[in-house]
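Here's the structure we're looking at; comments come further down.
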Amino acid sequence: MQKKIICQKCIHYYVTWEIGRGHGCKAYGFKSAQLPSVIVKKSSQEDCKFYTPKFSKE
1 MQKKIICQKC
11 IHYYVTWEIG
21 RGHGCKAYGF
31 KSAQLPSVIV
41 KKSSQEDCKF
51 YTPKFSKE
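Numbering-wise, the sequence shown is residues 1 to 58 according to full-length UniProt numbering.
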């Protein structure tokens with residue numbers, strides 16, 4: 001089981017500042033009201049394949 005994906009810690013996540021579509025994902029190319037990882041999980045039944053942490057622990 002994969003740990004919970006926190007989009008705000010991913011290099012592909014960005015804030016759009018659009019009303020009703022405040023969360024964006026550069027990897028999947030969409031904007032939404034919900035976090036991209038939630039949308040991906042609902043639509044594909046799988047965790048995000050593009051999650052890449054902004055900062056590595058190394």
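The beta-carbon is built from N, C-alpha and C at its ideal position, and this holds for glycine as well. In this text the structure is predicted, and so the values were computed from the model without any measurement.
Ranked by Cα distance from residue 13, the first of 41, 44, 37 is 37.
In the three-state reduction of the DSSP assignment, residue 7 falls in the helix class. With contacts defined by Cβ atoms closer than 9 angstroms, residue 22 and residue 9 do not form a contacting pair. Of the other Cβ atoms in all chains shown, 16 or more fall within 10 Å of the Cβ of residue 24; this residue is therefore buried. Taking residue 55 as reference, the option from 11, 35, 46 with the minimal CA-CA separation is 11.
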